[in-house]
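Written out below as structure tokens is the structure these notes cover.
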């Protein structure tokens, strides 16, 4: 089992990691980058003893090592509580951004976890993901097509994933306004060319 938990610490009151129930067969991956500050580029991988040598060999071929100073900062932040303060700050910032999304996308059906970094928006009717993503990009808004996250051979509805955390609150509001106009407007009218 490979458990990617880079955003897990942002979820308040979350259930235990899969690695807590099956440590003998779980490779657990997490990172400081998305839960504290983007500049602190360090991640962690916890593996069962029987995989340590294989993982270490592969890691050395592709990554070498983290900068010792960054590792020291991360360790100190965990030990003195700074890391948890930053996680709590991130949670509050994400909740503010979700309030912006709720305001701008009022009347639009979407899903987002209370502590989530992304929202999931199923496209209405027969709207095509690729076309919708392209229309948004032409207006300066980058969103991800849902098919990038699809599990093969499962029921599917066209959707997009929107990041709430990669820009300023003002830019987020403006970008979500573009998405709302694309959703609620006539798609043919939006494709005018001159």
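Residue numbers (our numbering): 1111 to 1304. C-beta atoms are modelled at their ideal positions from N, C-alpha and C, and glycine is treated no differently.
7 Å Cβ cutoff met for residue i and residue j
| i | j | result |
| --- | --- | --- |
| residue 1129 | residue 1113 | yes |
| residue 1233 | residue 1220 | no |
| residue 1152 | residue 1119 | no |
| residue 1273 | residue 1228 | yes |
| residue 1140 | residue 1154 | yes |
| residue 1283 | residue 1210 | yes |
| residue 1122 | residue 1225 | yes |
| residue 1286 | residue 1215 | yes |
| residue 1268 | residue 1239 | yes |
| residue 1181 | residue 1187 | no |
| residue 1253 | residue 1262 | no |
| residue 1184 | residue 1242 | no |
Beta-bridge pairing of residue i - partner residues as DSSP gives them
| i | result |
| --- | --- |
| residue 1141 | 1153 |
| residue 1273 | 1228 |
| residue 1158 | In DSSP, residue 1158 forms no bridge with anything. |
| residue 1114 | 1139 |
| residue 1309 | A question about residue 1309 goes unanswered here, because the residues of the chain that appear run from 1111 up to 1304. |
| residue 1221 | 1230 |
Coarse secondary structure for residue i, derived from DSSP in three states
| i | result |
| --- | --- |
| residue 1284 | helix |
| residue 1309 | In this structure the chain extends from 1111 to 1304, so residue 1309 is not present and cannot be described. |
| residue 1263 | coil |
| residue 1147 | coil |
| residue 1190 | helix |
| residue 1122 | coil |
| residue 1249 | coil |
| residue 1175 | coil |
| residue 1237 | coil |
Sequence-distant residues of the same chain with beta carbon closer than 7 Å to residue i, five excluded per side
| i | result |
| --- | --- |
| residue 1135 | 1111, 1158 |
| residue 1303 | Interpretation of residue 1303 is limited by its pLDDT of 41, a score under 50 that renders its predicted location unreliable; no figure is taken from the coordinates. |
| residue 1201 | 1120, 1122, 1225 |
Same chain, Cβ closer than 8 Å to residue i, five either side skipped, listed in chain order
| i | result |
| --- | --- |
| residue 1249 | 1288, 1292 |
Residues near residue i by beta carbon distance below 6 Å, same chain, minus five either side
| i | result |
| --- | --- |
| residue 1165 | 1157 |
| residue 1137 | 1112, 1157 |
| residue 1176 | 1152 |
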